[in-house]
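Chains as they are written, first to last, in the numbering used here: chain C, 1 to 137; chain Y, 1001 to 1234.
Here it is in structure tokens:
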């Protein structure tokens, strides 16, 4: 009985330690709000994640400029390289790089983060139309 | 039902054979139906085009990888608590199939990640914890193979299996607890699925097929283990 109690207690401690370790290190990306609040590591490579702001994507040669937003705060991003197929305005994105002193994030890698909704194109179109009519009202 | 009648490996042996046969057949039929729905009936996805179709393998495999681990730990716990011979055999029989589905989930996820996210692999919480699950399965099998006395091996592996169970909720909730590249769950018990009906049908058919396949293969494997460990007059 005592052995089982010790075992269960040990298990609990292991779980707690693993979870707290994960809590600190397994943050895959920081949101623009966290970056603005200086919660992201300073002067080091990290990732930011959010939505690509509608209408913010500008291509100048091989360089792409866009704005990552979490609807509260915005971070401008500069990147040169191939973008993933699912990189789109209004959709999720995760960029890895460094924040410059001018507040511009220089990305070395850009990944698309898609959502968990799967639907045929006509259904997606219908959803879009419905949202537009809602906005007009 | 005389549940305990079948707790003896000798009496379970013929039953396992019958279960394996029927589940195997049903799995083949359901997989054929599921793949047909997945490839020919389900519509193209608005965002991802045809690339999303790997979901019909990826998600059921990922579900099975987690579920089989819990099942393995369940049998391991029964074996520890009641010292029954068949429980350890069941746990050992499930482990390779669990590892297979974990590998399939990681592999198809990688194939899916490249065209959609733009990378084969990232160290986010979901992917990392699923990789740890693969290592737990490998560890279970390696530990069992390393101890000569099978009854001792069963007990040692049971402890390992039970400790590793901590990882399963971490995998499942990783997409909620942390910022991950991996998207959230499309199908859960608490809210309506966020995918088209025919897509969901194909995915659930494949999940059922994987279930029955797992049962069939585990039964065949447990028969081999019974033959190895016990003197069976069959």
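From the three backbone atoms N, C-alpha and C, an ideal C-beta is built for every residue, glycine too.
Residue i at chain Y interface by Cβ criterion, 8 Å
i             : result
residue 152/C : For chain C, the structure presents residues 1 to 137; residue 152/C sits outside this window and is missing.
residue 49/C  : yes
residue 64/C  : no
residue 123/C : yes
residue 41/C  : no
residue 77/C  : no
residue 17/C  : no
residue 46/C  : no
residue 36/C  : no
residue 120/C : yes
residue 52/C  : no
residue 6/C   : no
residue 27/C  : yes
residue 57/C  : no
residue 68/C  : no
Classification of residue i by the beta-carbon crowding that lies within 10 angstroms, buried from 16 upward
i              : result
residue 13/C   : exposed
residue 1234/Y : Summary for residue 1234/Y: the model assigns pLDDT 49, below 50, so the residue's position carries little reliability; its value from the coordinates is reported in the next sentence. Burial call: exposed.
residue 62/C   : exposed
residue 1197/Y : exposed
residue 1082/Y : exposed
residue 58/C   : exposed
residue 1157/Y : buried
residue 113/C  : buried
residue 1036/Y : exposed
residue 1014/Y : exposed
residue 135/C  : exposed
residue 125/C  : exposed
residue 1224/Y : exposed
residue 1047/Y : buried
residue 139/C  : Limits of chain C in this structure are 1 at one end and 137 at the other, which puts residue 139/C out of reach.
residue 96/C   : buried
residue 1038/Y : buried
residue 1005/Y : exposed
Range of the contiguous beta strand (DSSP E) that encloses residue i
i             : result
residue 105/C : 105-113
residue 65/C  : 63-69
Terminal residues of the alpha helix (DSSP H) in which residue i lies
i              : result
residue 148/C  : No statement about residue 148/C is possible, as the shown extent of chain C runs from 1 to 137 and does not include it.
residue 1130/Y : 1125-1146
residue 1160/Y : 1150-1164
residue 1175/Y : 1167-1177
residue 1028/Y : 1009-1036
Test: residue i CB closer than 8 Å to a CB of chain C
i              : result
residue 1201/Y : no
residue 1234/Y : No answer about residue 1234/Y holds up, because its pLDDT of 49 lies below 50 and its placement is not dependable.
residue 1038/Y : no
residue 1091/Y : no
residue 1214/Y : no
residue 1083/Y : no
residue 1097/Y : no
residue 1181/Y : yes
residue 1206/Y : no
residue 1186/Y : yes
residue 1192/Y : no
residue 1196/Y : yes
residue 1211/Y : no
residue 1176/Y : no
residue 1007/Y : no
residue 1010/Y : no
Below-8 Å beta-carbon distance, residue i vs any chain B residue
i            : result
residue 13/C : Although the question refers to chain B, the structure presented lacks it and instead comprises the protein chains C and Y.
Using a Cβ cut-off of 8 Å, which residues of the segment 101-118 of chain C contact any Cβ in chain Y, in chain order? The residues in question are 109, 110, 111, 112, 113, 114, 115, 116, 117 and 118.
Taking any Cβ of chain Y, which residues in the segment 83-102 of chain C have a Cβ under 9 Å from it, in chain order? Within the segment 83-102 of chain C, the qualifying residues are 83, 84, 85, 86, 87, 88, 91, 92 and 94.
Which ranges would you report for the alpha helix (DSSP H) in the segment 1195-1232 of chain Y if only whole runs of at least 4 residues count? Listed in chain order, the alpha helix (DSSP H) elements of length 4 or more contained wholly in the segment 1195-1232 of chain Y are 1197-1229.
What residues in the segment 1133-1166 of chain Y have a beta carbon less than 7 Å from any beta carbon of chain C? For the segment 1133-1166 of chain Y, the beta-carbon criterion of a distance under 7 Å to any beta-carbon of chain C is satisfied by 1163 and 1166.
Start-end ranges of the beta strand (DSSP E) lying completely within the segment 30-101 of chain C, minimum 3 residues: Within the segment 30-101 of chain C, the complete beta strand (DSSP E) segments of 3 residues or longer fall at 46-52, 58-60, 63-69, 74-80 and 92-99, listed in chain order.
Could you name the residues of the segment 1105-1121 of chain Y whose beta carbon sits closer than 7 Å to any beta carbon of chain C, in the order they occur along the chain? So the list reads 1115, 1116, 1117, 1118 and 1119, given in the order they occur along the chain.
Can you give me, in chain order, the residues of the segment 1051-1079 of chain Y that have a beta carbon less than 9 Å from any beta carbon in chain C? Listed by position along the chain: 1051, 1052 and 1055.
According to a CB-to-CB cut-off of less than 9 Å, which residues of the segment 1215-1230 of chain Y neighbour chain C? Against chain C - using a Cβ distance shorter than 9 Å - the segment 1215-1230 of chain Y contributes no residues.
What are the complete beta strand (DSSP E) segments, minimum 3 residues, inside the segment 1056-1138 of chain Y? As far as the segment 1056-1138 of chain Y is concerned, it has no whole beta strand (DSSP E) run of at least 3 residues.
Contacting positions in the segment 1014-1044 of chain Y - beta carbon closer than 7 Å to chain C: Under the 7 Å Cβ criterion, the segment 1014-1044 of chain Y contributes 1043 and 1044.
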